[in-house]
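Asker: The numbering of the sequence shown is my numbering, which starts it at 386 and goes up by one.
Cβ coordinates follow ideal geometry from the N, Cα and C atoms, glycine included.
This one's a predicted model, so the numbers in the text were calculated from it and none came from an experiment.
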Amino acid sequence: MDSQKSVVSNQSVPLSSADSKMKAVTKKFKAVGITNGLMSGLTYGIYSTLVVVASGYNPLVSAIGILSAPFICSGFNDLFAGIWLLAYNWKKGRLKELGRTLQTKPGQMLVIGFLLGGPIANGAYLIGLALAGAYAIPISATCSLFGALFAWIFLKQKPTKRVVFGMVLCVMGAIVINFVKPEGAPNFTLGIICALIAAVGWGLEGVFSSFGGAMIDTDVAVNLRELISGVVTLLIIIVLFKQFPLFTETISAVNPLIWLALSGLSAAVSFVSWYKANSMVGCAIGMSLNVTYAFWGVLFSVLFLGQTLTATIVIGSIVIVCGAIIVTMNPLDLLKKGE
386 MDSQKSVVSN
396 QSVPLSSADS
406 KMKAVTKKFK
416 AVGITNGLMS
426 GLTYGIYSTL
436 VVVASGYNPL
446 VSAIGILSAP
456 FICSGFNDLF
466 AGIWLLAYNW
476 KKGRLKELGR
486 TLQTKPGQML
496 VIGFLLGGPI
506 ANGAYLIGLA
516 LAGAYAIPIS
526 ATCSLFGALF
536 AWIFLKQKPT
546 KRVVFGMVLC
556 VMGAIVINFV
566 KPEGAPNFTL
576 GIICALIAAV
586 GWGLEGVFSS
596 FGGAMIDTDV
606 AVNLRELISG
616 VVTLLIIIVL
626 FKQFPLFTET
636 ISAVNPLIWL
646 ALSGLSAAVS
656 FVSWYKANSM
666 VGCAIGMSLN
676 VTYAFWGVLF
686 SVLFLGQTLT
696 ATIVIGSIVI
706 VCGAIIVTMN
716 PLDLLKKGE
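1. Using alpha carbons as the reference points, say which of Val616, Pro571 and Leu530 lies closest to alanine 517.
2. Just the Cα atoms here: how many angstroms apart are isoleucine 468 and methionine 557?
3. Taking the continuous alpha helix (DSSP H) assigned at glutamine 493, which residues delimit it?
4. I'd like the list of long-range same chain contacts for alanine 653, defined as Cβ closer than 6 Å, with 5 residues on each side in sequence excluded.
5. Between the segment 645-661 and the segment 526-536, do at least 3 Cβ pairs fall closer than 8 Å?
6. According to DSSP, simplified to helix, strand and coil, what is proline 567?
7. Among the residues of its own chain, which have a CB less than 8 Å from the CB of valine 592, if the five just before and after it don't count?
8. Contact defined as beta carbons within less than 8 Å: I believe leucine 589 pairs with leucine 501. What is the distance between those atoms, to the nearest angstrom?
9. Counting only the same chain and skipping the five closest in sequence on each side, list residues whose C-beta sits under 6 Å from that of asparagine 521.
10. Taking the beta carbon of methionine 407 as the centre, do at least 16 other beta carbons fall within 10 Å, making it buried, or is it exposed?
11. Taking aspartate 463 as the reference, which of Phe656, Thr603, Ile582 and Phe564 has the closest Cα?
12. Using a Cβ-Cβ cutoff of less than 6 Å, which residues in the same chain neighbour threonine 429 once the five nearest sequence positions on both sides are dropped?
13. Could you give the DSSP three-state label for isoleucine 601: helix, strand or coil?
14. Cα separation between asparagine 421 and alanine 519?
Here it is, written out as C-alpha cells:
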C-alpha cells in the first residue's frame, strides 16, 4: 500500500508540472491572439485614412456616380494588398498552397467570406466614408456585434454576459458619435446605411474566417482573400457599371496609385492580424479587438484629414474602445493579485 502511495505521489509532480505548462502555453496563445486583434485595428485605421487620401486625387475625386470612385479604390486597394502578400508568400515558399487551399472545403468556405467581406462590405464601407466621412467608421465597427451574433448562431460560440455588455457598449459608442449630423453632408443617412451594410458583411466574414482560418494557413487565406476581392470588385465596376475609362485613368495617374499601394499594405497587415486573432481567441473577441479601428480611424481623420473634432466623436470613440476592452478581458482582473 505504501508503495502505491509513493507511485501516486511521484506521478502527481509531473502531472502538476504539465498542467502548469499547459496553462502557460494557453495564456501565451491568447495573448498573441489579443495582440493580433489590436494590431488589426490600428492598421485598419491607417488603411481607412490612406484610402480617403487616395480618393482625393483625380480622376477619383471627379468621378461621376456614387459607386464609381469607392469601388475603384476598394478594388485597387485589395489587389495591391494581394500583391504584397504574394511577394511575402513567395519568399516563404507558400505559393503552391494558394491553389491547394481553393480545392479544400475550408478554403471554399473562406471564398464565400471573401466575397461577403470584400466586394460587398468593403465597397459599402468606402461609399459610407465618401458620403458620411469619419462618422461612418464607428458605425461599421458594429461588425463586432454582428460577428458575435452570427458566431453564436452558426458556430455555437455563446457569448458571456460580460462579452454582451462590451458589445452593447460598442453599439452605444457608435450611436453617440452619430448624434450630431455634420454640415455639408446631404447623403449622410445613406452613408450610415452603407456603413451598416459593411458591418453585416464583415460580421459574416468573421464567422467564415473563424471556420476556415483555424484549419488553413492565415497568410495564405488572407492572400486569397485580397486577390479574389480585388479582382471581383474591379470586374464589377468595369463590366457592370461600365467604368473602364475611370479604371484606365486611375492606372495612368501616379499619385492615387501610390496611396492605394500604401493602403493595400496596411490592409494586408490588418487582415492577416484579424484572421489570426479570430482563429486564436474566437470570432467575437477577435472582431471586438478589430473594431478599435473606429478610434484610430477617427483620430487619424482629425489629425491628417481635417475632420472636425466634436464631443460626440470623442465620447463615442472612448466608449467603443472601452467596450472592446471589456469583451477581451475582465477589468477587475487587473485589481486581483494572481500567480
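Answerer: Judging by the given coordinates:
1. By one-based count along the sequence shown, residue 517 stands at place 132. Alanine 517 has its Cα closest to that of Pro571, out of Val616, Pro571 and Leu530.
2. Taking the first residue of the sequence shown as position 1, residue 468 is located at position 83. Taking the first residue of the sequence shown as position 1, residue 557 is located at position 172. About 38 Å.
3. Here the question's residue 493 lines up with position 108 in the sequence shown. In the DSSP assignment, glutamine 493 falls within the unbroken alpha helix (DSSP H) covering 490-500.
4. The sequence position of residue 653 within the sequence shown is 268, counting from 1. Here the set comprises Ala466, Trp469 and Leu470.
5. In short, these stretches do not touch, since the Cβ pair count stays below three.
6. If you number the sequence shown from 1, residue 567 lands on position 182. Residue state for proline 567 is assigned as coil, using DSSP reduced to three classes.
7. If you number the sequence shown from 1, residue 592 lands on position 207. Cβ neighbours of valine 592 beyond the five flanking positions: Gly498, Gly532, Phe535, Ala536, Phe539, Leu540 and Cys668.
8. By 1-based counting over the sequence shown, the position of residue 589 is 204. By 1-based counting over the sequence shown, the position of residue 501 is 116. Going by Cβ atoms, the distance from leucine 589 to leucine 501 rounds to 5 Å, so yes, they are a contact pair.
9. The residue you call residue 521 lines up with position 136 of the sequence shown. In the sequence as displayed, the identity of residue 521 is alanine instead of asparagine. Contacts found: Gly513, Leu514, Gly576 and Ala580.
10. Against the sequence shown, residue 407 aligns to sequence position 22. Residue burial is scored here from C-beta neighbours: methionine 407 has fewer than 16 other C-beta atoms within 10 angstroms and is therefore classed as exposed.
11. For the purposes of this step, residue 463 is taken as residue 78 along the sequence shown, with counting starting at 1. Per the Cα distances, Phe656.
12. One-based indexing of the sequence shown puts residue 429 at position 44. Before going further, note that residue 429 is tyrosine rather than threonine in the sequence given. Answer for tyrosine 429: Ser655 and Tyr678, listed in chain order.
13. By 1-based counting over the sequence shown, the position of residue 601 is 216. Annotated three-state conformation of isoleucine 601 is coil, per DSSP.
14. For the purposes of this step, residue 421 is identified with residue 36 of the sequence shown, where counting begins at 1. For the purposes of this step, residue 519 is identified with residue 134 of the sequence shown, where counting begins at 1. Their Cα atoms are separated by approximately 24 Å.
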